[in-house]
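In this note's numbering, the protein residues as written are 4 to 368.
Glycine included, C-beta positions come from ideal geometry on N, C-alpha and C.
If you're wondering where the values come from, they're calculated on a predicted model, not measured in any experiment.
Just below is one structure, and these are the notes that go with it.
Take a look at the structure:
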């Protein structure tokens, strides 16, 4: 491996798209079917929170965190604030990722996916004790190298460009990302993801920022109605192929990477559509039974369950915006009696946690 920094070529690359057309068409068709399913939900917020959390867990796992979806939802319910354990540190990073996704959508309502937005997302991601010394929201000022823990620059798997080249390379990337003359937005997204990772503009968090940019870009360019089509599940499951394909581009092989990216889009669009359909059916099934609960707050309680499937009496009170603790407790008891939620720790007398397992089985399948 050369120990010289690698500088990616200016965009756009010269590509032969003909061999990619079949999978490209399939990816677009899968996105369209997924988006139609989301649009027809009675309330798209029903899937947003769980999907954001699952994406945050998956993407952060690629970078080494070990917290599971259940861990994160339990800590959400407990309203954990500190970072006193490894799990709590993982939780903070995952919660930051989730905040960055939501904030990214808000920012795109006012401005394009540009350098200032990406730096702001990076700042949110590194808002923790682990990230505070890694220059949040700023391009790196020092040379870095990528390889196994403890590897020297001579042992590095990849050496990104020198810091002084980053502003120009990043500006070129942003111009390409918003170049309306390019033949296809998914191809642009694939090329841009590689280029971002190759530039490696930040001292830390590049992988997570790069993966957050994908659903935001698809949303900004109108391919999806909400920025909820996430690829980290596929990329985590095919981690070795992911890194090898990105590395191959540095040796001139664009085809393998773009084909993998399009396969990831197609696969995740189909999987996510199936989950959306199952969540929609589950919601409608339970909603039809709500008159039997004889409470005008039952619908808001049900919506809250879909957004926070692990909760305490205190957390559901706030999430469902219920007027009293007594009402929250009464609805929890009624939903338990109906078999819709379960007490996760029946032996515990205080600070009980409840679980909406049917939803978790769909989201985490």
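For this session: Mark residue 4 as exposed unless 16 or more other C-beta atoms lie within 10 angstroms of its C-beta, in which case mark it buried.
Result: Here the model assigns residue 4 a pLDDT of 48, short of 50, so the residue's position is not dependable and the matter cannot be decided.
For this session: Could you say if the stretch 250–270 and the stretch 300–308 meet the contact criterion of at least three C-beta pairs nearer than 8 Å?
Result: no
Exercise. Pick from 351, 138, 195, 119: whose alpha carbon is nearest that of residue 218?
Worked result: 195
Problem set entry | Same chain, Cβ closer than 6 Å to residue 8, neighbours up to 5 away in sequence not counted | 162, 164, 165
Exercise. Is it true that the stretch 257–275 meets the stretch 217–233, where meeting means three or more beta-carbon pairs spaced less than 8 Å apart?
Worked result: yes
Problem set entry | Simplified DSSP assignment, three categories, for residue 244 | helix
Exercise. Across which residues does DSSP place residue 345 in a beta bridge pair?
Worked result: 358
Problem set entry | Nearest candidate by alpha-carbon position, reference residue 57, set 124, 188, 215, 111 | 215
Exercise. Relative to the alpha-carbon of residue 287, which residue among 245, 44, 202, 31 has its alpha-carbon at the smallest distance?
Worked result: 44
Problem set entry | Coarse secondary structure for residue 4, derived from DSSP in three states | Low per-residue confidence applies at residue 4: pLDDT is 48, beneath 50, and the placement is therefore not dependable, though the value from the model is reported in the following sentence. Coil at residue 4, not helix or strand.
Problem set entry | Which residues DSSP lists as bridging residue 292, in chain order | Per DSSP, none; premise fails for residue 292.
Problem set entry | Meets three-Cβ-pair contact criterion under 8 Å: the stretch 135–151 and the stretch 87–100 | no
For this session: Helix, strand or coil for residue 315, going by three-state DSSP, please let me know.
Result: strand
Problem set entry | alpha helix (DSSP H) segment containing residue 76, residue limits | 72–81
Problem set entry | As assigned by DSSP and simplified to three states, the class of residue 173 | helix
Problem set entry | Sheet register partners of residue 237 (DSSP bridge) | According to DSSP, residue 237 bridges with nothing at all.
Exercise. Tell me which same chain residues have a C-beta within less than 8 Å of the C-beta of residue 260, skipping the five on either side of it?
Worked result: 193, 197, 248, 249, 251, 252
Problem set entry | For residue 153 and residue 186, the rounded distance between their alpha carbons | 42 Å
Exercise. Looking at residue 265 and residue 245, is the spacing between their C-beta atoms short of 8 Å?
Worked result: no
For this session: Could you tell me which residues DSSP pairs with residue 149 in its beta bridges?
Result: 161
Exercise. What whole-angstrom Cβ distance do residue 116 and residue 180 have, given they're in contact under 8 Å?
Worked result: 7 Å
Exercise. Using DSSP with H/G/I as helix, E/B as strand and the rest coil, what is residue 253?
Worked result: coil
Problem set entry | Under the three-state DSSP convention, the category residue 324 falls into | coil
Exercise. From residue 77 to residue 334, what does the alpha carbon distance come to, in whole angstroms?
Worked result: 20 Å
Exercise. DSSP on residue 141, reduced to helix/strand/coil?
Worked result: coil
Problem set entry | 6 Å CB neighbourhood of residue 73 in its chain, flanking five on each side removed | none
Exercise. Leaving out five residues before and five after residue 123 in sequence, what residues of the same chain have Cβ atoms less than 8 Å from its Cβ?
Worked result: 106, 110, 140
Exercise. Which residue comes first and which comes last in the alpha helix (DSSP H) that contains residue 57?
Worked result: 48–65
Problem set entry | Cut-off 8 Å between Cβ atoms - residues of its own chain near residue 149, not counting five sequence neighbours on either side | 159, 160, 161, 162, 163, 203
For this session: Express the C-alpha separation of residue 282 and residue 319 in angstroms, rounding to a whole number.
Result: 20 Å
Exercise. Near residue 53, which residues of its chain fall below 6 Å by C-beta distance, leaving aside the five closest residues on each side in sequence?
Worked result: 366
Exercise. Are residue 66 and residue 211 close, meaning C-beta to C-beta below 8 Å?
Worked result: yes
For this session: Check the Cβ-Cβ distances between residue 320 and every residue of chain B, and say whether any is below 8 Å.
Result: No chain B is part of this structure, which consists of one protein chain only.
Exercise. Beta-carbon separation of residue 167 and residue 22 under 8 Å?
Worked result: no
Exercise. Do residue 343 and residue 312 have their C-beta atoms closer together than 8 Å?
Worked result: no
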